[in-house]
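Asks: For the numbering used here, count along the sequence shown from 1 and bump the result up by 188.
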Amino acid sequence: MGYTLTEKILREHLADGSYEPGREIGIKIDQTLTQDATGTMAYLQFESMGLSDIETELSVSYVDHNTIQVGFENADDHAYLESIAKKYGIYFSRPGNGICHQVHLERFARPGKTLLGSDSHTPTAGGVSSLAIGAGGLDVAVAMGGGAYYLTAPRVINIHLTGRLKPWTTAKDVVLKVLSILSTKGNVGCVCEYTGEGIAALTVPERATITNMGAETGVTTSIFPSDEQTKRFLEAQGRGDQWTALAADKDAVYDRTIEIDLSEIEPLACAPHSPGNIVQIKDLNLPVDQVMVGSCTNSSYVDLMTVAAMLKGKHLPAGVSLGIAPGSRQVLTTLARNGALGDLLAFGARILESSCGFCIGNSMSPCTNSVSVRTSNRNFKGRSGTPSANIYLTSPVVAAASALTGKLTDPRELGMDFPRIEMPEHFEIDDSMIIPPLPASQRTEIQICRGPNIGEPPVNGPMPEDISGQVTIRVEDLVTTDHIMPAGSRLKYRSNVPKYSEFVFEPLDKEFSSRASALQAQGIHNLIVAGQSYGQGSSREHAALCPMYLGVKGVIAKSIERIHAANLVNFGIVPFTFAQESDWNSLPEKTEVRIPGIRKALETGEDNITAYARDKQISLKMSLSKRQRAILLAGGLLPFTVEASTKPRKGK
Ligand code: MIC
Ligand code: SF4
């Protein structure tokens, strides 16, 4: 029996365990990427592990999330990151150079390499056949230090593409079609592997759109084979020598196969407030207030050139605003030189810098009750910065059509010829905004730059014998990490955990933080009760780190998403699931809960444990590897990794 491409790459990188789907394995990581919003804490953790150097083939630190710089905080983080990169031999992509995933795809991602990134859209690099996984910053810090990355050997889903996309349908519609089939839940521990004759016509940036937004299904990653298209892209990026052909074996066996005929795909959208809420554009007839083009999903050269060609010579209707954020400096420079930027400006577009910006609610929040059409990948309620706004996620051509008409428009109705833009044979290459690593001999002199925004990472105490606490909050299904730890205007506190912790669950319950602190002060453990797919979305480990800081000891949920579950363990919070989902009803807020013998159960490897709530007994499950149990007993990955000299400060 042959191997899938996923299994081939994983087996080649196996560092711990034996390969068996569903079992935990440790893999060697070749490349890492971090971005400023998660990276600052990741490097602080790296420092506290006392490591002297990175052990990866390549590590890159990007600054792309917090580039707004109102106040000193963001700039402090940037200065810290630049000095850390110099100290430890890390590439540093300076603010303005672009969004980590877009730049990594252009300049660094390689077929067959493993990439671990402290951002959930790291799978973007799967477009160039890299096995690219999103994780919490602490896992990335460990991998930078040469430690294995632990994951469940995945079940592999074959997404078999046939046919060809028709004009006005795009890669974005392909991934939205996949989302309509897989939904945003129930895919933990799977990888999507793309095969079939339909992939041959998809360029690498198109493939990257698909693997990028695959993250919204909750899979570990998505990957395309490495073929002539991959070669073409790498050659166009001046990296043709890095090409190597890669594909699954002909007799590879998949756990599931999904057939998609590309010629049958229609222009689609994610309707508010979930990327899993897929609708057809032709069924929507809504006035639009705002259109935003960009993000790591859709800001390639072809994406933006197509938009510019559609808007050329026309003007933005009154009452609509249009923002364009090119994904990288390479894309923006090309548009500036070939005149397309002038066409966009003449149309009335507001050009934003090459960063995440609007996607994370960091700029251009829409007005109250508005409709905003965006080419990004997440439309969780409030993520845009405006809780009452309705965000529709679409392809760039639907976004441009909507900017032309002022309503959500199927571009096929425009009566316009489809502007077929080809990927250039050679992109303009200028890496002068990426600072390469210093030679080792020059690094010892480097001083780390620590402004007042740079705090120490808090460390948890060991797991207590018993959990004895209270349900501090109970939440419904599909609670995202944006609900747990909001971004937008709160982002700048990422390096200041005591301050950021004041905003835990802010979108759902503004009082949570003060309630949790008060209970913690009385020695009462805080517990979170949740529904299905708790912790969807972003990889932000602050959604575990800040609750840990507030004394949360356990999350009891119907199900928990992959990255978040790993982050909870990394910060010493036990991820429990209900044996009977209906028991969620028995644990309303303020219920006193005892979970006696938790320490013993973790030590002896028990999978089941009983919680006592009032007079009711509730069976809970823990699906944890031996290594995860040891991490929980120690109070988290940092104390597990570091010598016992680290003094516990909070969360005892
Ligand atoms: C996101 O898209 O939600 C983010 C912001 O890029 C996050 C990372 C973060 O929270 O810093 C992600 O996707 O992991
Ligand atoms: Fe940045 Fe948005 Fe991509 Fe996250 S999803 S990396 S915020 S562009």
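Here a beta-carbon is modelled for each residue, glycine too, at the ideal position from N, C-alpha and C.
Would you call the CB atoms of residue 724 and residue 790 closer than 8 Å?
Replies: No, these two residues do not count as a Cβ contact at 8 Å.
Asks: Alpha carbon to alpha carbon, how far is residue 829 from residue 544? Give it in angstroms, no decimals.
Replies: Distance between the alpha carbons of residue 544 and residue 829 is about 32 Å.
Asks: The beta strand (DSSP E) that contains residue 645, what's its start and end?
Replies: No beta strand (DSSP E) holds residue 645; DSSP gives it neither H nor E.
Asks: Ignore the nearest five residues each way along the sequence and tell me which others in residue 682's own chain have a CB closer than 7 Å to its CB.
Replies: Result list for residue 682: 225, 228, 229, 688 and 730, in chain order.
Asks: Could you tell me whether any non-hydrogen atom of ligand 2 is closer than 7 Å to the CB of residue 488?
Replies: No, Cβ of residue 488 sits at least 7 Å from all heavy atoms of ligand 2.
Asks: Under a Cβ-count criterion, where at least 16 other Cβ atoms within 10 Å of its own Cβ denotes burial, should residue 617 be classed as buried or exposed?
Replies: So residue 617 counts as exposed.
Asks: Rounded to whole angstroms, how far is the Cβ of residue 314 from the Cβ of residue 320, which I believe are closer than 8 Å?
Replies: With a Cβ gap of about 5 Å, residue 314 and residue 320 count as contacting.
Asks: Considering only heavy atoms of ligand 3, does any lie closer than 7 Å to the CB of residue 564?
Replies: This structure does not include ligand 3; its bound ligands are ligand 1 and ligand 2.
Asks: According to DSSP, is residue 207 part of a helix, a strand, or is it coil?
Replies: Looking at residue 207 - three-state DSSP - the assignment turns out to be coil, as it is neither helix nor strand.
Asks: Please say whether residue 648 and residue 759 have beta carbons closer to each other than 8 Å?
Replies: For residue 759 and residue 648, yes; Cβs fall inside 8 Å.
Asks: Just confirm the distance between the C-beta atoms of residue 548 and residue 675, as a whole number of angstroms; I'd bet it's less than 8 Å.
Replies: Rounded, the Cβ-Cβ distance is 5 Å, consistent with contact.
Asks: In chain order, what residues of the same chain lie with their CB nearer than 6 Å to the CB of residue 582, ignoring the 5 residues before and after it?
Replies: Closer than 6 Å at Cβ, skipping near neighbours: 457 and 561.
Asks: Where in the region 630-684 do unbroken runs of the alpha helix (DSSP H), each at least 4 residues long, occur, reported from the N-terminal end onward?
Replies: Within the region 630-684, the complete alpha helix (DSSP H) runs of at least 4 residues are 669-672.
Asks: Residue 289: beta carbon under 7 Å from a heavy atom of ligand 2?
Replies: Result yes, Cβ under 7 Å from ligand 2.
Asks: Let's see if you can read the secondary structure: which residues bound the alpha helix (DSSP H) around residue 420?
Replies: Here the alpha helix (DSSP H) through residue 420 covers 416-424.
Asks: On the CB-based measure, 16 or more other CB atoms within 10 Å of its CB, does residue 301 come out buried or exposed?
Replies: Under this definition residue 301 is a buried residue.
Asks: Quick check on residue 512: buried or exposed, where buried means 16 or more other Cβ atoms within 10 Å of its Cβ?
Replies: So residue 512 ends up on the buried side.
Asks: Tell me which residues share the same chain as residue 516 and place their Cβ nearer than 8 Å to its Cβ, disregarding the 5 neighbours each side in the sequence.
Replies: Around residue 516: 285, 286, 287, 290, 291, 294, 487 and 542.
Asks: How many Å lie between residue 327 and residue 815 at the Cα?
Replies: Going by the C-alpha atoms only, they are around 13 Å apart.
Asks: From which residue to which residue does the beta strand (DSSP E) around residue 798 run?
Replies: Note, residue 798: beta strand (DSSP E), 796-801.
Asks: Do residue 492 and residue 536 come within 8 Å of each other at the CB atom, strictly closer than that value?
Replies: Contact flag unset, no.
Asks: Within its chain, find whatever has a CB closer than 7 Å to the CB of residue 606; leave out the 5 residues flanking it on each side and keep chain order.
Replies: Excluding sequence neighbours, residue 606 sits near 355 and 356.
Asks: Looking only at its own chain, which residues have a Cβ that is under 6 Å from the Cβ of residue 436, when we skip the five neighbours before and after it?
Replies: Excluding positions up to five away in sequence, the list reads 192 and 193.
Asks: Tell me whether the beta-carbon of residue 900 lies closer than 8 Å to the beta-carbon of residue 750.
Replies: With the chain covering only 189 through 840, there is no way to say anything about residue 900.
Asks: So, using beta-carbon positions, are residue 392 and residue 316 closer together than 8 Å?
Replies: Yes, they are a contact pair.
Asks: When you compare the region 557-572 with the region 470-477, are there three or more beta-carbon pairs, one atom per stretch, that lie closer than 8 Å?
Replies: Yes, the region 557-572 touches the region 470-477.
Asks: Give the C-beta separation of residue 223 and residue 306 to the nearest angstrom, bearing in mind that I take them to be a contact with Cβ-Cβ under 8 Å.
Replies: The Cβ separation is near 7 Å, so the contact holds.
Asks: Return yes when at least one heavy atom of ligand 2 lies under 7 Å from the C-beta of residue 458, else no.
Replies: Result no, Cβ not under 7 Å from ligand 2.
Asks: From residue 631 to residue 686, what distance separates their C-alpha atoms?
Replies: Computed Cα separation, rounded: 32 Å.
Asks: Compare the C-alpha of residue 273 against each of 756, 628, 442 and 783 and name the closest.
Replies: The shortest Cα separation from residue 273 among 756, 628, 442 and 783 belongs to 628.
Asks: Please confirm if residue 535 has its CB atom under 8 Å from at least one CB of chain B.
Replies: Protein chains in the displayed structure number just one, and chain B is not present.
Asks: Pick helix, strand or coil for residue 828, following the three-state DSSP scheme.
Replies: If DSSP states are grouped into helix, strand and coil, residue 828 belongs with the helices.
Asks: Look at the Cβ atom of residue 344, then the Cβ atom of residue 379, and state whether they are nearer than 8 Å.
Replies: A contact, by the Cβ cut-off of 8 Å.
Asks: Are there any heavy atoms of ligand 2 lying less than 7 Å away from the beta-carbon of residue 857, as far as the coordinates show?
Replies: Any property of residue 857 remains undetermined from this structure, which presents the chain solely from 189 to 840.
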